[in-house]
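Student:
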Ligand SMILES: Nc1nc2c(ncn2[C@@H]2O[C@H](COP(=O)(O)OP(=O)(O)OP(=O)(O)O)[C@@H](O)[C@H]2O)c(=O)[nH]1
Ligand SMILES: [Mg+2]
């Protein structure tokens with residue numbers, strides 16, 4: 001979003017610091033500068049994908065993909081978000097903003113950062129503290145749910161609500177920025193044992209109270225994951241754009257506009 005440096009500057013800086021799995025960039029020489037001025041050197045970023053174009057107009061935004069382990073966060077990052085169209089995830093950087101808990105990060109040229117954070121219920125206490133720091137850096141949360149994992153649906157719901165219960169009841173707010181959009185992605189629907197969207201909705205129950213004040217929606221990946229993930233992230237990009245616009249307007253107007261709760265079936 002167009003708001004310049006954030007209050008969590010130390011975290012922001014490390015998320016954008018050189019990645020653990022990538023060699024440091026060579027310093028620029030007069031020759032390489034001259035080549036790039038002439039457009040003859042290879043660009044630092046590959047061309048944007050249709051997915052990446054969904055975020056045109058946004059800058060300096062951090063989107064956190066969270067959810068239980070094995071929900072499919074890394075796969076979504078590599079297959080849909082990454083600019084590497086071979087799906088090899090060449091631009092997926094491993095960063096270590098909080099020490100001991102490396103996260104995967106994809107960064108677009110306009111400084112839109114996507115990162116994956118595990119939300120395992122059995123995670124050690126110090127992991128939870130680190131995760132809180134990462135969620136606090138987010139301008140949006142994407143909560144990934146494994147539709148084939150019937151046994152852990154309730155756990156996924158509880159973990160999501162746990163983070164938002166803090167939002168409602170405490171000043172600390174799980175470190176989360178207020179009113180950020182929440183996109184629930186129902187993944188792995190290609191698997192035979194996957195639950196139907198109706199079962200998922202039932203399992204999650206009424207989350208409206210916990211997510212009060214946050215624009216949120218639930219999207220299924222369905223038979224055409226590519227198309228549906230575009231629709232889902234297009235919803236998210238629109239909400240982020242709206243938030244940017246609201247920040248630019250006088251306070252009274254942003255208060256009138258409020259937030260909406262939707263339950264979208266694409
Ligand atoms: N059938 C199917 N398998 C998937 C899908 N998405 C992910 N998987 C598989 O599920 C497993 C876990 O996926 P990951 O992307 O590693 O999950 P994750 O959420 O990053 O897991 P952690 O890093 O452990 O938190 C892998 O074997 C993936 O290949 C999907 O849409 N359909
Ligand atoms: Mg992963």
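Residue numbers (the UniProt record's numbering): 1 to 266. Where a beta carbon is used, it is the ideal one built from N, C-alpha and C, also for glycine.
Measuring only the C-alpha atoms, how far is residue 15 from residue 149?
Tutor: If you take the alpha carbons of residue 15 and residue 149, they lie about 31 Å apart.
Student: Tell me whether residue 141 sits in a helix, a strand or coil according to DSSP, three-state version.
Tutor: Three-state result, residue 141: strand.
Student: According to DSSP, is residue 92 part of a helix, a strand, or is it coil?
Tutor: coil
Student: So the candidates are 153, 207 and 140; which of them puts its Cα closest to the Cα of residue 177?
Tutor: 140
Student: Does the Cβ of residue 116 have 16 or more other Cβ atoms within 10 Å, making it buried, or fewer, making it exposed?
Tutor: buried
Student: Measure the Cβ-Cβ separation of residue 187 and residue 70 and say whether it is below 8 Å.
Tutor: no
Student: Mark residue 263 as exposed unless 16 or more other C-beta atoms lie within 10 angstroms of its C-beta, in which case mark it buried.
Tutor: Confidence at residue 263 is low in this model, with a pLDDT of 38, below 50, so the placement of that residue should be treated as unreliable; the coordinate-derived value is given next. The residue in question, residue 263, is exposed, as its Cβ has fewer than 16 Cβ neighbours within 10 Å.
Student: Using the rule of at least 16 other Cβ atoms within 10 Å of the residue's Cβ for burial, across every protein chain shown, is residue 94 buried or exposed?
Tutor: exposed
Student: For residue 135, which residues in the same chain have their Cβ closer than 8 Å to its Cβ, ignoring the five residues on either side in sequence?
Tutor: 64, 66, 117, 141, 163, 174, 175 and 176
Student: Rounded to whole angstroms, what's the CA-CA distance from residue 143 to residue 90? Just pull it up for me.
Tutor: Answer to the nearest angstrom: the Cα atoms are 24 Å apart.
Student: Is DSSP giving residue 66 helix, strand or coil here?
Tutor: Strand, per DSSP.
Student: Using three-state DSSP, classify residue 224 as helix, strand or coil.
Tutor: Coil, per DSSP.
Student: Could you check what DSSP says for residue 75 in three-state terms: helix, strand or coil?
Tutor: helix
Student: With DSSP collapsed to three states, give me the class of residue 146.
Tutor: It is a strand residue.
Student: Opposite residue 268 in the DSSP bridges: which residues?
Tutor: Because the chain is modelled from 1 through 266, residue 268 falls outside the range shown and cannot be assessed.
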